[in-house]
Amino acid sequence: MTCGLCGDEADSRHLCKRDAAKLAERLADLPTLYDELVHCLVPRRLGWGEIVSTKNAAGPQSPLNEAVLDEMNTGHMTAVVHSWRVDVQRIRWPQHTAPPPSGLTADCRWLAMELDWIAAHYPAAGDLAREVRTLEAQARSVVGDPVPQRKVVGQCIAIVDDQGTVCGADITHMAGESRLSCRTCHCVYEGQQDLLLLLHYQPVTA
Ligand SMILES: [Zn+2]
Ligand SMILES: [Zn+2]
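Our numbering numbers the first residue of the sequence shown as 18 and each following residue consecutively.
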């Protein structure tokens, strides 16, 4: 039998060893890429003062990345990966009911765990691998390649509701970024004043 992706001889498998290994890598990377895509949605020019007083930053004036917006609006990546999980499970365990939507990370992990079976027995393994490869390439074209490494530098101090609740999410930074932004509440810390405030209000760790 030949590999469903590259066409090379794959013994009795639907996916050759090399493409199976690549698929495993891509399934491991997709959730990270997706997180980065979400991050690319954050309006880039909002400052500390504005974000605190602006409930909904998105709008016609927001400098959002159109490609990212499309992805987020349609949920394309999540839907595609989930449909593959549904199909693999349908073929492998026809008596089981279809898995409910469980998020991209869970679906990628599930497919990765079933990868040996997929490569050996799933007739559409080549199509699955091809589609995952396309999703990965699309995400990387927006996010960058390699995926930038992030480092936690502190916790977000933004107030997120009328009761004075502090966001508290981890703030991460990667080389080359001139500002920090919170991935949970989208608060942006930029300039010395913001950074001093951020440092000053860090929770005291025991
Ligand atoms: Zn192959
Ligand atoms: Zn926050």
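C-beta atoms are modelled at their ideal positions from N, C-alpha and C, and glycine is treated no differently.
Which same chain residues, not among the five before or five after residue i, have their C-beta less than 8 Å away from its C-beta?
i	result
residue 102	116, 124, 127 and 128
residue 195	207
residue 28	18
residue 176	69, 182, 183 and 184
residue 170	188, 189, 190 and 197
Within the present structure, is the beta-carbon of residue i separated from the nearest heavy atom of ligand 2 by less than 7 Å?
i	result
residue 204	yes
residue 186	yes
residue 20	no
residue 201	yes
residue 125	no
residue 175	yes
Short of 6 Å in beta carbon distance, which residues of its chain neighbour residue i, apart from the five on each side in sequence? Order them along the chain.
i	result
residue 95	121
residue 44	125, 128 and 129
residue 197	188, 190 and 206
residue 218	174
residue 92	none
Can you name the residues that DSSP bridges to residue i?
i	result
residue 26	19
Apart from the five residues just before and just after residue i, which ones in its own chain have a Cβ nearer than 7 Å to its Cβ?
i	result
residue 99	118 and 124
residue 53	160 and 164
residue 136	30, 31, 32, 37 and 142
residue 25	19 and 33
residue 50	153, 156, 157, 160 and 164
residue 70	Here the model assigns residue 70 a pLDDT of 36, short of 50, so the residue's position is not dependable, and the following value carries that caveat. Answer for residue 70: no residue qualifies.
residue 140	31
residue 212	206
Given the structure, does residue i come close to ligand 1, in the sense that its CB is under 7 Å from one of the ligand's heavy atoms?
i	result
residue 32	yes
residue 36	yes
residue 23	yes
residue 154	no
residue 27	yes
I'd like to know if the stretch 120-137 and the stretch 150-166 are in contact, where contact means that at least 3 CB-CB pairs between them fall below 8 Å. no
Sufficient close CB pairs (3 or more, under 8 Å) joining the stretch 20-35 to the stretch 136-145: yes
Enumerated in chain order, which unbroken segments of the beta strand (DSSP E) with a length of 3 residues or greater are wholly contained in the stretch 167-218? 168-172, 187-190 and 197-199
Where in the stretch 118-146 do unbroken runs of the alpha helix (DSSP H), each at least 4 residues long, occur, reported from the N-terminal end onward? 121-130 and 132-138
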